[in-house]
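Worksheet for the structure shown next.
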Amino acid sequence: MLDIKFIRDNKDLVKEGIKNRGQKINIDEFLDLDESRRKLLTEVEALKNQRNKANDEISAIIKEKKNPKEFIDKMKGVSQKIAELDKKVEEVQQKVDKIIYIIPNIPDKSLPIGGAESNKIVKSWGKNPTFSFNPKNHIELAEKLKIISFGIGAKISGSNFILYMGQGARLERALINFMLDLHTKKHGYTEIFPPFLVNRRSMTGTGQLPKLEEDMYKLKDEDLFLIPTAEVPVTNIHANETLEEDKLPVCYTAYSACFRREAGSYGKETKGLIRVHQFNKVELVKFVKPETSYDELEKLLKDAEEVLQLLNLPYRILMLATGDISFAAAKCYDIELYAPGTDAYLEVSSCSCFTDFQARRANIRYRPKNGKPEYVHTLNGSGVALPRLVVSILENYQNADGSITVPKALVPYMDGLEVIK
RNA sequence: GGAGAGGUCGCCUAGUGGCCUAGGGCGGCGGUUUGCUAAACCGCUAUAUGGGUAAUACCGUAUCGAGAGUUCAAAUCUCUCCCUCUCCGCCA
Numbered sequence: 570m571l572d573i574k575f576i577r578d579n580k581d582l583v584k585e586g587i588k589n590r591g592q593k594i595n596i597d598e599f600l601d602l603d604e605s606r607r608k609l610l611t612e613v614e615a616l617k618n619q620r621n622k623a624n625d626e627i628s629a630i631i632k633e634k635k636n637p638k639e640f641i642d643k644m645k646g647v648s649q650k651i652a653e654l655d656k657k658v659e660e661v662q663q664k665v666d667k668i669i670y671i672i673p674n675i676p677d678k679s680l681p682i683g684g685a686e687s688n689k690i691v692k693s694w695g696k697n698p699t700f701s702f703n704p705k706n707h708i709e710l711a712e713k714l715k716i717i718s719f720g721i722g723a724k725i726s727g728s729n730f731i732l733y734m735g736q737g738a739r740l741e742r743a744l745i746n747f748m749l750d751l752h753t754k755k756h757g758y759t760e761i762f763p764p765f766l767v768n769r770r771s772m773t774g775t776g777q778l779p780k781l782e783e784d785m786y787k788l789k790d791e792d793l794f795l796i797p798t799a800e801v802p803v804t805n806i807h808a809n810e811t812l813e814e815d816k817l818p819v820c821y822t823a824y825s826a827c828f829r830r831e832a833g834s835y836g837k838e839t840k841g842l843i844r845v846h847q848f849n850k851v852e853l854v855k856f857v858k859p860e861t862s863y864d865e866l867e868k869l870l871k872d873a874e875e876v877l878q879l880l881n882l883p884y885r886i887l888m889l890a891t892g893d894i895s896f897a898a899a900k901c902y903d904i905e906l907y908a909p910g911t912d913a914y915l916e917v918s919s920c921s922c923f924t925d926f927q928a929r930r931a932n933i934r935y936r937p938k939n940g941k942p943e944y945v946h947t948l949n950g951s952g953v954a955l956p957r958l959v960v961s962i963l964e965n966y967q968n969a970d971g972s973i974t975v976p977k978a979l980v981p982y983m984d985g986l987e988v989i990k
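Count the first sequence with our numbering and you get residues 570 to 990, in order.
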């Protein structure tokens, strides 16, 4: 969330940010609420001061073994008034909170203004493959090779659940290990294996709640949610902590399964591996000093890109426009892999800088040398998401006979297997 | 799941209704002393928030795991919840 004082002092900037996102939130009304909150606070705090002083006097009277009845009777009324005002403050505070938790982050100045159509392609890498035959899509390829079953997934769980088997399951495991090794050994991230169920507080800390509750799987008997991304547990590792300055940046990479209800998104895009309820992902998360956050975003993007470069898959990078970035992000790059069988670019990674937006919610700070604690900046990005990566591998590395050449970098992770057939 | 013990300032700990404005120790920071180090001594030591200021200063308020209650007054009493530890049960 944004700092309420910042909103007060930068009203126009906040309004502009919301407008550029194509959203509508009445900031003036919000600030009026805030003003009445502060007025009430001043009032009730003056009364509390009076009460505290009276307490000292009552203590003194008791010590002198006199009867403080007169004072006590007087304070009864004051305490009652305090209780009433406290209640009012609480009510206003709740209204303020309700709004401040849904005010989005302010998009960085570098972003193109507009909706998804304004996203800017900032880089293309690799060459789209050419085939001497008609390339098949991943569904056809996977079913024929019996490495992924869409039908069995649907039978045991429901539509848009998938099951990997044989070399498909092996490929999935190989990719996870390959990516984790790259990020830990070469890029210096610390590996995390987080819980896949988290509490409401954690979901709120990273910004999924309260806005997106209907997109989450939620347990019926306990206030726990299945994580939609490892970002949630991993970012919350340091919730309510003050980190030492010389420990920054803190960089974590985590494998997790991710669970998304994807309510309301049906149709063409949901076929096959493109949009599923449960998928695997290797995530990158950073906690950094504020002045370094945009440089760190570029580095994080490079770390994710290297996965695709080592696998030799063609991709492009989009800088998302103000209307297309997520609620908590100030800046975001999407990496899209080309899939020749589907003939589409598929998003496999979103690398975002959240500035202090998540840190303020989750209360993650650091102590600058000789200074007061400040909020860190948080970043994260997929490094990368598996299903669409698999789509791209199958479709880019397919042969005329329907077999799949294993990308060189993966061969050691596949026990030396060079072709899936 | 059951029984017990706990959760107080960065860490350890004192505190069973008003002398708590949370005391002491450790650590940390600054100073005195000193050829240098150490020791000793002195001082400081959190966070949030409201007011105030050019900015400091300053003045309030809140915070003893979280929330609710009792009371003029709660770290302290009552209730609910969370977490940690020990033991028992169950179990991959």
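Idealized CB from N, CA, C, for every residue including glycine.
Buried/exposed call for residue i, threshold 16 Cβ in 10 Å
{"i": "I641", "result": "exposed"}
{"i": "T759", "result": "exposed"}
{"i": "L582", "result": "exposed"}
{"i": "G776", "result": "buried"}
{"i": "E813", "result": "exposed"}
{"i": "G940", "result": "exposed"}
{"i": "G774", "result": "buried"}
{"i": "I904", "result": "buried"}
{"i": "G841", "result": "buried"}
{"i": "A711", "result": "buried"}
{"i": "G720", "result": "exposed"}
{"i": "F762", "result": "exposed"}
{"i": "K855", "result": "buried"}
{"i": "E994", "result": "What is shown of the chain runs 570 to 990, which leaves residue 994 out entirely."}
{"i": "I576", "result": "buried"}
{"i": "T911", "result": "buried"}
{"i": "E852", "result": "buried"}
{"i": "D601", "result": "exposed"}
{"i": "V691", "result": "exposed"}
{"i": "E874", "result": "buried"}
Residue i - containing alpha helix (DSSP H), residue span
{"i": "M644", "result": "K638 to I669"}
{"i": "I672", "result": "It is not in any alpha helix (DSSP H) - I672 carries neither H nor E in the DSSP assignment."}
{"i": "I933", "result": "Looking at the DSSP string, I933 is not in any alpha helix (DSSP H); the run it does join, the beta strand (DSSP E), is I933 to R936."}
{"i": "E867", "result": "S862 to L879"}
{"i": "R620", "result": "I596 to K632"}
{"i": "I731", "result": "Element bounds for I731: n/a, residue is neither H nor E."}
{"i": "V845", "result": "Looking at the DSSP string, V845 is not in any alpha helix (DSSP H), and its letter there is neither H nor E."}
{"i": "M772", "result": "R769 to T775"}
Coarse secondary structure for residue i, derived from DSSP in three states
{"i": "L795", "result": "strand"}
{"i": "S951", "result": "strand"}
{"i": "R577", "result": "helix"}
{"i": "Q967", "result": "strand"}
{"i": "M785", "result": "coil"}
{"i": "N589", "result": "helix"}
{"i": "V803", "result": "helix"}
{"i": "I690", "result": "strand"}
{"i": "H946", "result": "strand"}
{"i": "S895", "result": "coil"}
{"i": "I745", "result": "helix"}
{"i": "K977", "result": "helix"}
{"i": "S961", "result": "helix"}
{"i": "K990", "result": "coil"}
{"i": "L853", "result": "strand"}
{"i": "L766", "result": "strand"}
Cβ distance (whole Å) where residue i is taken to contact residue j below 8 Å
{"i": "G952", "j": "D864", "result": "That belief does not hold up - the Cβ atoms of G952 and D864 are roughly 18 Å apart, past 8 Å."}
{"i": "G892", "j": "G586", "result": "No, G892 and G586 are not in contact; Cβ-Cβ is about 11 Å, not under 8 Å."}
{"i": "T798", "j": "K850", "result": "7 Å"}
{"i": "S921", "j": "N949", "result": "6 Å"}
{"i": "S825", "j": "I806", "result": "S825 to I806, Cβ: 13 Å. No contact."}
{"i": "S687", "j": "K900", "result": "Their Cβ separation, rounded to whole angstroms, is 14 Å, which puts S687 and K900 out of contact at 8 Å."}
{"i": "Q847", "j": "W694", "result": "At roughly 29 Å, the Cβ-Cβ gap does not stay under 8 Å, so Q847 and W694 are not in contact."}
{"i": "L548", "j": "I962", "result": "There is simply no residue 548 to check, as the chain begins at 570 and stops at 990 in what is shown."}
{"i": "L887", "j": "Y902", "result": "7 Å"}
Run of the beta strand (DSSP E) containing residue i, from where it starts to where it stops
{"i": "V1009", "result": "The chain is shown from 570 up to 990; residue 1009 falls before or after that span and cannot be answered."}
{"i": "T811", "result": "E810 to E813"}
{"i": "E905", "result": "K900 to A908"}
{"i": "L710", "result": "L710 -> not in any beta strand (DSSP E); alpha helix (DSSP H) instead, spanning H707 to L714."}
{"i": "E760", "result": "T759 to I761"}
{"i": "L915", "result": "A913 to C922"}
{"i": "L887", "result": "Y884 to M888"}
Residue i beta carbon near the ligand NAD (any heavy atom closer than 7 Å)
{"i": "M785", "result": "Absence of the ligand NAD from the depicted structure is noted, as is the absence of any ligand whatsoever, leaving it without description."}
Is the region 697–714 touching the region 955–975 in the sense that three or more CB pairs, one from each, lie closer than 8 Å?
Yes, the region 955–975 is in contact with the region 697–714.
Between the region 933–947 and the region 658–676, do at least 3 Cβ pairs fall closer than 8 Å?
Short answer: they don't touch.
Three or more C-beta pairs closer than 8 Å, one from the region 923–931 and one from the region 731–745: is that the case here?
Contact between the region 923–931 and the region 731–745 is absent: fewer than 3 CB-CB pairs across the two stretches fall below 8 Å.
Decide if the region 601–611 is in contact with the region 652–666; the criterion is three or more beta carbon pairs, one per stretch, under 8 Å apart.
Counting Cβ pairs under 8 Å, three or more are found: they touch.
Specify whether the region 639–657 and the region 613–622 touch according to this definition: at least 3 beta carbon pairs, one from each stretch, less than 8 Å apart.
The region 639–657, when compared against the region 613–622, does touch it at the 8 Å Cβ threshold.
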